[in-house]
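Count along the sequence shown from 1, add 3, and you get the number used in my numbering. Where is the CB? At the ideal position from N, CA and C, for every residue including glycine. These notes are about the structure you will find just below.
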Amino acid sequence: MYSHDLLETIDVTKLGEAHVIVVLNEMNMNACCRHICFDHIIDTQNGAEKLA
């Protein structure tokens, strides 16, 4: 998971809320493309070790 010295994480609740918003917008034909969301970036070996 920790490849290229970068790992992004997100709280599952926030991800679910974002997904619902995207789906509702797509139903109204207002959304397109891919949607990427994350709330924390781990970019150090120490951060990756703490997560493990």
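Per DSSP, Leu18 has no beta-bridge partner at all. For Leu54, there is no enclosing beta strand (DSSP E); the residue is found in the alpha helix (DSSP H) stretching over Gln48 to Leu54. When beta bridges are read from the DSSP output, Glu11 appears opposite Ile44. The three-state reading of DSSP puts Asn28 in helix, counting H, G and I together.
The beta carbon of Leu9 sits closer than 6 Å to the beta carbons of Asp46 from its chain, once the five residues preceding and following it are set aside; these are given in chain order.
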